[in-house]
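Each remark here refers to the structure printed beneath this line.
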Amino acid sequence: MVREAMDSRIGMRDIGRPSGNLVQLYWDIILLTESKFLLPQYRQQQQYLKLFQKYVVDKMGVTLNRMVKPVKVPHSGAGNVNTPWRQLGIIYLMVYLPLHFKDVIWCKCDQFCFHVILPQNNASLALRRANGNDKEWLLALLELGDKLGMQSIRLYIGRDNFNGISTFLRNLNWIGGKLVSNENRAGLMAQYSSVDDLIFGDEDYVILEFEC
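If you read the sequence shown in my numbering, its first letter stands for residue 841, the second for the next number, and so on.
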């Protein structure tokens, strides 16, 4: 019920009916994916949710215009090296791995990176160990990223998912991943003047990067 309420607030509609609109489905996927970076303190306030919707729609309009009429984009500076999640994706996906996660996995791609926002791992730990498939979902995502032509994949693991984080950090060296720093919130105020930019953040996630 909580997720359904959140979906409603950010603009998601029931598109399962015959009157459902495919374009609306695309917008729902975009909004729900981008909402994962909306800071918790703004998710319950209607005024910020409206700002969020307008911000994403306007930014997507700019992105689409650039795709139709390519222009040289000014260099954004070194401050954005570790924050590519702030850019809208050129591809959005819902990935479902029911043996490992109860919820769908929200994903987006920019030109080089496959961004994957992981839900809580709901499969029984004993069951996963018995099946020996604790790493299978990572391999599946890496393979998908490779098929999409991505150079790397970034996993966003919720900080409240202690088991998921500890498992990865314990095995990070041999699985070929690296820990990525979160956005520097102290320097953010100088870089972004818009309230729209400040309502987003990655501080709720531990970010890991792998080569595809």
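Backbone N, C-alpha and C define an ideal beta-carbon position, used for all residues, glycine too. Since this is a predicted model, take the numbers as computed values, not measurements.
C-alpha distance - residue i paired with residue j, whole-angstrom precision
i       : j       : result
Asn1013 : Leu995  : 15 Å
Ile1015 : Phe941  : 20 Å
Ser1006 : Gly998  : 12 Å
Phe1008 : Ser992  : 17 Å
Pro938  : Tyr1045 : 22 Å
Gln886  : Tyr866  : 22 Å
Val1020 : Gln864  : 34 Å
Phe892  : Pro880  : 13 Å
Val902  : Val896  : 10 Å
Leu862  : Leu982  : 28 Å
Lys870  : Leu904  : The amino acid occupying residue 870 in the given sequence is Ile; Lys does not appear at that position. Distance between the alpha carbons of Ile870 and Leu904: 13 Å.
Ala970  : Val944  : Residue confidence for Ala970 is low, a pLDDT of 46 falling below 50, so the modelled location carries little weight; the figure read from the coordinates is stated next. When rounded, the distance between both Cα atoms is 23 Å.
Phe952  : Met990  : 5 Å
Gln884  : Leu1038 : 16 Å
Cβ neighbours of residue i in the same chain (closer than 7 Å, five flanking residues each side left out)
i      : result
Trp946 : Leu872, Thr873, Lys876, Met934, Ile957
Contacts around residue i, its chain only, beta-carbon distance under 8 Å, and the 5 residues preceding and following it disregarded
i       : result
Asp1042 : Phe877, Thr923, Trp925, Tyr996, Asn1022, Glu1023
Neighbourhood of residue i by C-beta, 6 Å cutoff - its chain only, sequence neighbours within 5 removed
i      : result
Gln960 : Asn1001
Start-to-end residues for the beta strand (DSSP E) that takes in residue i
i      : result
Arg994 : 992-998
Integer Cβ distance of residue i from residue j, believed to fall under 8 Å
i       : j       : result
Leu978  : Phe954  : Leu978 to Phe954, Cβ: 12 Å. No contact.
Phe1040 : Gly1017 : With 8 Å as the limit, Phe1040 and Gly1017 do not qualify as a contact, their Cβ atoms being about 24 Å apart.
Lys909  : Ile931  : 20 Å between Cβ atoms; not a contact.
Lys899  : Leu928  : 5 Å
Cys1052 : Asp986  : 4 Å
Residues bridged to residue i (per DSSP)
i       : result
Phe954  : Cys949, Ile993
Glu1023 : Answer is none; Glu1023 lacks a bridge partner.
Gly1017 : Phe1050
Tyr932  : Lys948
Leu1012 : In the DSSP output, where bridge partners are listed per residue, Leu1012 has none listed.
Where the alpha helix (DSSP H) containing residue i begins and where it ends
i      : result
Phe892 : 886-908
Ile869 : 862-874
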